[in-house]
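Protein chains in written order, with the numbering used here: chain C, 1 to 196; chain F, 1001 to 1196. Just below is one structure, and these are the notes that go with it.
Protein chains: 2
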Amino acid sequence: MRQRDENKIQGIREKAIEMITNEGLENFGINKLAKAAGVSPATIYIYYKDKDDLITQISVDEGMRMCAAILEGFDPEMTFEEGLWIQWKNRAKYSLNNQEGASFYEQLRNSTYREKMVKAIHDEMGKKAGPFMKNAIERGEINDITIEVFWSVAIAPLYSLVRFHQEGHCFKDRIFVFSEKIMKETFDYVIKALKK
Amino acid sequence: MRQRDENKIQGIREKAIEMITNEGLENFGINKLAKAAGVSPATIYIYYKDKDDLITQISVDEGMRMCAAILEGFDPEMTFEEGLWIQWKNRAKYSLNNQEGASFYEQLRNSTYREKMVKAIHDEMGKKAGPFMKNAIERGEINDITIEVFWSVAIAPLYSLVRFHQEGHCFKDRIFVFSEKIMKETFDYVIKALKK
DNA sequence: TTTTTAAATGAGCGAACGCTCACTTATCTT
DNA sequence: AAGATAAGTGAGCGTTCGCTCATTTAAAAA
């Protein structure tokens, strides 16, 4: 039998992310995607049940890629400061090297697809981030806090920084540019907040 | 001449927010909106140039309402801690009393409408938040930092907390519930991070 | 009361939508 | 070489989309 053309599948995936990022989820359509990816509309339905399934699958897939990128070289047994810093660096690297994927993920995380895409990612992250936080508390490095407060203080600031960069945020004619120096400065505030 | 029915205009606005929040921007349509609001599709075009204009106008409007809510009782001359705490309380109150508006705002802020809606809001907030930060630096309450780092450390954690609440975030069968106690706990970390 | 003005309408246009089906193409097994 | 299987296609279906227009309705101006 004839075998699948992996280039075709990847092409569909990449064009979908590109189109949703640049034109928005509300302007995304199967006929347009088929034309952009150079395939027949019917081909898309070989790989995806329907439009909803396509968006959901690609969302989860991109989320998993982000998770894998963030956790690269990370170990829950690491020191609190060391482990958190690795996650920060990884997350920044992912966004900078994969702008479209990062914007796509952020747009869908704030859409009605959130519920469909978040569970798998949440489980994947929780598997390592949960023990990491627990270890840091048991070792007496940080106070005993709930995971949501931890995330809000330790991770949210980084996401915010990355977003300012991606948006090309402008304040008084000065465009914000992300840098390791800025990231380290922000990281130091976070460490100061959480370390006993 | 006949005068405009303000209830009709408000009805269109509210139904639009309701529909976009619950069904997503990608499933939002003028014909559906007209039916839901109990008006003719043609009526909508008396008030809005086209679909894009409707979404943009309602986005900016909701953003301005949020700004006004956040800055209620706030003064840039306030102490750093006092001023920041008021903004936190106001922002939390806005989200809790106006869940649909808050979700709507968040969804559009992460869509391709971001550029169209953000400028007016950014200006409105910057007018008071800029001097506030500057005062706090001049008084020696906090270090001299760029506005993006400030926002990421001082405000982003609150947005994150509110979002966990709105999403009904769940970790190990425990649903996260926002409370003043949790907010104060998080706020204290932020103050510890930023205060000299 | 009549005239004037703009709000408000419902039917419906052309275009675009998600999706399907009869069919062709490529590669496997025999 | 022939048969089997699944990948891949393009035309086009029924539906919904954004939007318009001829018309009606209500209230201000005369």
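Don't be surprised by glycine CBs; every beta carbon is placed ideally from N, CA and C.
Item: On a Cα-Cα basis, can you pick out the residue from C:Thr186, C:Gln99, C:Lys127 that is closest to C:Leu161?; Value: C:Thr186
Item: Between the stretch 1168 to 1188 of chain F and chain C, which residues of the former have CB atoms less than 7 angstroms from a CB of the latter, in chain order?; Value: His1169, Phe1171, Phe1176, Ile1182, Glu1185, Thr1186
Item: For F:Gln1107, count neighbouring Cβ atoms within 10 angstroms of its own Cβ and tell me buried if that reaches 16, exposed if not.; Value: buried
Item: With 16 other CB atoms within 10 Å as the buried threshold, where does F:Met1001 fall?; Value: exposed
Item: Quick one: grab the DSSP three-state call for C:Arg139.; Value: coil
Item: Give the list of continuous alpha helix (DSSP H) stretches no shorter than 4 residues that lie fully inside the stretch 1052 to 1112 of chain F.; Value: 1080 to 1097, 1099 to 1109
Item: Does the Cβ-Cβ distance between F:Thr1079 and F:Glu1141 come in under 9 angstroms?; Value: yes
Item: Would you verify that the beta carbon of F:Ile1046 is, or is not, closer than 9 angstroms to some beta carbon of chain C?; Value: no
Item: Mind checking who C:Arg174 pairs with in its DSSP beta bridge?; Value: C:Phe171
Item: Inspect the beta-carbon positions of C:Met66 and C:Ala120 and report whether they are closer than 9 angstroms.; Value: no
Item: In chain F, which residues lie with their C-beta within 8 angstroms of the C-beta of C:Val39?; Value: Within 8 angstroms Cβ-Cβ: nothing; C:Val39 doesn't reach chain F, min ~22 angstroms.
Item: Could you give the residue range of the alpha helix (DSSP H) that holds C:Phe187?; Value: 180 to 194
Item: With H, G and I counted as helix, E and B as strand and the rest as coil, what does DSSP make of C:Thr43?; Value: helix
Item: Can you look up F:Gln1003 in the DSSP assignment and give me helix, strand or coil?; Value: coil
Item: Identify whether C:Ile20 lies in helix, strand or coil by the three-state DSSP scheme.; Value: helix
Item: Give me the subset of the stretch 129 to 158 of chain C whose CB atoms are less than 7 angstroms from a CB atom of chain F, sorted by chain position.; Value: Ile147, Glu148, Val149, Trp151, Ser152, Val153, Ala156, Pro157
Item: In the DSSP assignment, find the unbroken alpha helix (DSSP H) run with C:Phe150 in it and report its ends.; Value: 147 to 154
Item: Would you tell me roughly how many angstroms separate the C-alpha atoms of F:Lys1008 and F:Tyr1048, rounded to the nearest one?; Value: 13 angstroms
Item: Using a Cβ-Cβ distance under 9 angstroms, would F:Gln1107 count as near chain C?; Value: yes
Item: Distance cutoff 9 angstroms, beta carbons only. Does C:Leu161 sit that close to anything in chain F?; Value: yes
Item: Buried or exposed for C:Gln87, please, with buried defined as at least 16 other CB atoms from any protein chain shown within 10 angstroms of its CB.; Value: buried
Item: Relative to the C-alpha of C:Asp144, which residue among C:Phe28, C:Ala154, C:Asp188, C:Met133 is closest?; Value: C:Met133
Item: If you check the beta carbons only, do F:Asn1098 and F:Ala1129 fall under 9 angstroms apart?; Value: no
Item: Any C-beta of chain F sitting closer than 9 angstroms to the C-beta of C:Val190?; Value: yes
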